[in-house]
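In order, the protein sequence lines correspond to chains A and B.
Numbering-wise, the first sequence is residues 50 to 398 according to my numbering.
Numbering-wise, the second sequence is residues 376 to 694 according to my numbering.
To start, the structure itself, in structure tokens.
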Amino acid sequence: MSNRATNLLVPIVSVVLGLIVGAIIMLVSGYSPIEGYAALWNGIFGDLYTIGETLRQITPYLLAGLAVAFAFRSGLFNIGVEGQLIVGWFAAAYVGVAVELPKIIHLPLAILAAAVAGALWGFVPGLLKAKFRVHEVIVTIMMNYIALHVTNALIRTVSEGGDRTERIFASASLRSEFLENLTEFSRLHLGLLLALIMVGVMWFILEKTTLGFELKAVGFNQHASEYAGMNVNKNIIMAMVISGAFAGLAGAMEALGTFEYVSSKGGFTGIGFDGIAVALLGMNTPLGVIFGATLFGSLKYGALNMPNAAGIPIEIVEIVIAVIIFFVASGYIIRLLLLRAAGKKKEAK
Amino acid sequence: MSFMEILYFIVPSAIFYAAPLILVAIGGVFSERSGVVNIGLEGLMVIGAFVGILFNLLFADTFGGMTPWLALIAAMVAAMLLSLLHAVASISFRADQVVSGVAINLLAIALALYLVKSIFDKGQTDFITERFARYNVPVLSDIPVIGPLFFTSVYNTSFFAIGVAILAWFVIYKTPFGLRLRAVGEHPMAADTMGINVARMRYVAVMISGALAGIGGAIYAQTITGDFGHATINGQGFMALAAMIFGKWHPLGAMGAALFFGFAQSLSIVGSSIPYIQEIPNVFLLILPYVLTIFALAGFIGRANAPKANGKPYIKGQR
């Protein structure tokens with residue numbers, strides 16, 4: 050079996066194993082896995098409305114996955130996507146409520162605000178990594194909590210003591226009547242297009258620009274890049290800033306498309322952490338992110354149907370996702386087993 | 376309110392909030408000193424809290440006042456099992472330790488809530504009846520100043536946590552086991568050459584971290600919240616991770632940092648009834664531990680250096 054084929058097989062095997070573990074857990078706790086997965090399937094593809102909502106759920110996953118994947122390619126682990134998403138969400142919603150402008154200016158402005166906020170939140174760990182060699186994982190985790198508490202305080206200030214802002218002006222909204230009519234009035238919005246364009250942008254940056262080449266080089270080997278005359282520190286900061294901007298855009302999807310407001314949060318949205326799963330499953334490539342986001346976005350939205358249709362708690366899907374991450378992360382052992390299986394086949398021939 | 380009265384009010388509540396943080400942070404010290412990054416502390420705490428509450432609800436009638444303590448043991452065992460998963464993935468399967476930790480966190484909260492919903496048919500458990508009780512330490516609580524500060528209306532769990540911290544310091548710095556643990560985390564190849572079984576040391580260390588995180592989670596749930604739901608732990612594990620780093624991977628440092636973070640947390644909760652402090656917006660107290668950790672890492676508050684081999688799987692024979 051070629052190396053490339055095994056690399057592609059690892060995520061697929063992981064997904065299958067994850068679903069099997071989910072089935073076993075349902076069986077052991079007294080539910081029917083067949084009913085459960087049927088409910089999941091219907092929750093994803095049941096009718097036009099659910100398909101619309103599934104696509105809506107995939108949208109922020111695409112961007113969160115891009116954010117994690119982009120940082121990974123430069124050798125950085127951005128666990129802070131969650132925090133960058135939250136500040137992006139707030140920034141977009143704030144611009145959406147604070148001013149009323151013609152749509153052609155207002156919408157891009159709100160989207161830009163989210164990207165800038167996310168980029169800023171990614172800049173801090175990037176700078177600390179570049180200047181002080183501080184590990185980005187810890188800083189981004191801390192930044193997540195700072196984002197959560199700071200935006201909650203800001204939301205309280207903006208809404209004068211309430212726990213959510215007003216609805217954004219229609220001129221900043223990503224919603225489209227056309228998409229809503231197409232999908233029996235789901236909340237599917239134009240953000241999906243933006244997210245797909247961003248997948249193209251990531252591909253373009255990584256494959257077609259000098260910046261992308263340098264970022265990947267730094268990801269492969271910092272010392273070699275430095276000897277080749279690249280500015281490693283600048284590249285580290287750039288990687289985190291761009292990654293943060295993607296994450297901020299994911300927040301804009303929620304602010305301008307799905308909810309059209311921002312409310313204070315007791316805990317994290319989880320999209321940022323699932324972004325890690327998306328990127329890993331997609332092997333940190335733009336195309337892979339589409340695959341990962343589609344899978345996890347669908348699972349996440351489809352799960353909402355499970356309590357009603359089969360009486361199974363939605364958390365079963367989170368368990369499946371966690372198990373999939375485990376297997377993808379333990380790719381070494383799966384690869385080993387696959388190679389061994391392939392080796393045996395050869396001997397048998 | 377006089378200054379001393381404020382102290383009498385705040386210090387006990389700070390220690391009370393710090394106890395679980397101390398235990399979990401010490402758990403983190405064990406794991407990371409052996410070279411295994413443990414982002415999964417949060418998830419291990421979640422499982423500890425869930426199992427602790429579940430055990431307490433099921434056996435309160437059987438064991439009476441002893442229930443909370445026995446629940447700690449159940450929580451410890453459950454969290455150790457979960458940490459074994461992290462150990463297998465990151466030590467034997469050479470998985471990225473941060474990714475594996477993230478998976479532990481996702482898995483723990485999902486599994487706990489799944490079971491809560493299956494067993495109780497609602498989003499959170501019932502409230503426990505047998506809690507850890509506050510009490511005044513005889514004799515010691517009569518000492519002026521120190522008595523009301525440290526020995527009045529305290530929990531035994533706080534003394535337990537501080538005891539564990541001191542014990543951990545002794546184990547890590549004064550025993551052959553501790554020396555081996557640190558060696559494996561700093562330079563696994565050298566340790567291996569000297570005949571230390573690197574993988575086994577790391578397994579033991581990760582399981583110790585699981586045990587302590589489980590106990591910490593169960594203490595948190597049984598003293599502070601009294602039930603288990605999706606927001607019970609809500610970042611306490613990451614706060615403990617921060618305390619571990621702020622304490623520079625040293626057990627006593629981690630304890631000090633945990634006490635300080637407990638202080639900040641209790642201020643953000645009871646601060647509204649204290650003059651001067653009530654004028655500080657709550658958000659500053661909430662983010663204080665996280666901001667301080669970033670400063671500590673950036674070297675503004677002394678240099679915090681992680682163990683050298685932290686986060687790297689050890690592959691025999693690889694340079």
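We treat Cβ as the ideally placed atom computed from N, Cα and C, and that holds for glycine.
Bear in mind that the values here come from a model prediction, so they are computed numbers and not experimental data.
Judged by DSSP secondary structure, R105 (chain A) falls within the alpha helix (DSSP H) whose first and last residues are L97 to R122.
S81 (chain A) carries a coil assignment under DSSP once its states are collapsed to helix, strand and coil.
Three or more beta-carbon pairs drawn from the stretch 380 to 391 of chain B and the stretch 522 to 534 of chain B are found closer than 8 Å, and the two stretches are therefore classed as touching. Taking a C-beta distance under 8 Å as the contact criterion, A304 (chain A) and W170 (chain A) do not qualify as a contact pair. For S406 (chain B), none of the residues of chain A pass the 9 Å Cβ criterion, the least Cβ distance being about 14 Å. Not one beta carbon of chain A lies nearer than 8 Å to the beta carbon of R577 (chain B). With fewer than 16 other beta carbons inside 10 angstroms of its own, Y510 (chain B) counts as exposed. In the displayed model, Y510 (chain B) falls within a strand according to three-state DSSP.
Proximity of G674 (chain B) to chain A, defined by a Cβ-Cβ separation below 8 Å, is satisfied. Neighbours of A378 (chain A) across chain B, judged by C-beta separation under 7 Å: A464, A470, D471, V474, S475 and A478.
For the pair V412 (chain B) and G403 (chain B), the Cα-to-Cα distance works out to about 8 Å. Contact with chain B is absent for G324 (chain A), since none of that chain's Cβ atoms lies less than 8 Å from the residue's Cβ. Going by DSSP, D567 (chain B) is part of the alpha helix (DSSP H) stretching over P563 to T568.
A straight-line Cα-Cα distance of about 27 Å links A273 (chain A) and I325 (chain A).
For R575 (chain B), the uninterrupted alpha helix (DSSP H) run begins and ends at V573 to Y595, by DSSP. In this structure, R408 (chain B) lies away from P688 (chain B), with their beta-carbon atoms at least 8 Å apart.
Residues of chain A with a Cβ closer than 7 Å to the Cβ of G538 (chain B) do not exist, since the nearest Cβ in that chain sits about 28 Å away. Among the residues of the stretch 493 to 512 of chain B, those with a Cβ less than 7 Å away from any Cβ of chain A are S493, in the order of the chain. Under the Cβ criterion of 8 Å, V666 (chain B) is counted among the residues facing chain A. From the beta-carbon of A202 (chain A), the residues of chain B found nearer than 7 Å are P656 and V658.
Using beta-carbon distances, S78 (chain A) counts as an interface residue toward chain B, with a partner under 8 Å.
Contact residues of the stretch 305 to 323 of chain A toward chain B are G315, G316 and F322 (C-beta to C-beta distance below 7 Å). Put simply, the CB of I590 (chain B) is far from chain A, with every gap to its CB atoms at 8 Å or more. In this structure, DSSP gives R555 (chain B) a helical state, which the three-state scheme calls helix.
Annotated three-state conformation of R224 (chain A) is strand, per DSSP. Among the residues of the stretch 549 to 570 of chain B, none has a Cβ less than 9 Å away from any Cβ of chain A.
Pairing S584 (chain B) with S458 (chain B) gives a Cβ-Cβ distance under 8 Å.
Of A:Y350, A:E309 and A:L111, the smallest CA-CA separation from G145 (chain A) is found for A:E309.
Beta-bridge pairing by DSSP links H238 (chain A) to A:R224. Taking the C-beta atoms as reference points, L125 (chain A) is found no nearer than 8 Å to M247 (chain A). Within 10 angstroms of the beta-carbon of V399 (chain B) lie 16 or more other beta-carbons, which makes it buried.
Look at the beta carbons and you see the stretch 97 to 112 of chain A touching the stretch 237 to 244 of chain A: at least three pairs across the two are nearer than 8 Å.
The residues L97, Y98, I100 and G101, in chain order, have a CB closer than 7 Å to that of T232 (chain A) in the same chain once the five nearest residues on each side in sequence are set aside. The closest CA to that of F375 (chain A), considering only B:I655, B:I401 and B:I479, is found on B:I479. Within 10 angstroms of the beta-carbon of P151 (chain A) lie fewer than 16 other beta-carbons, which makes it exposed. Here DSSP, grouped into helix, strand and coil, assigns V529 (chain B) to strand.
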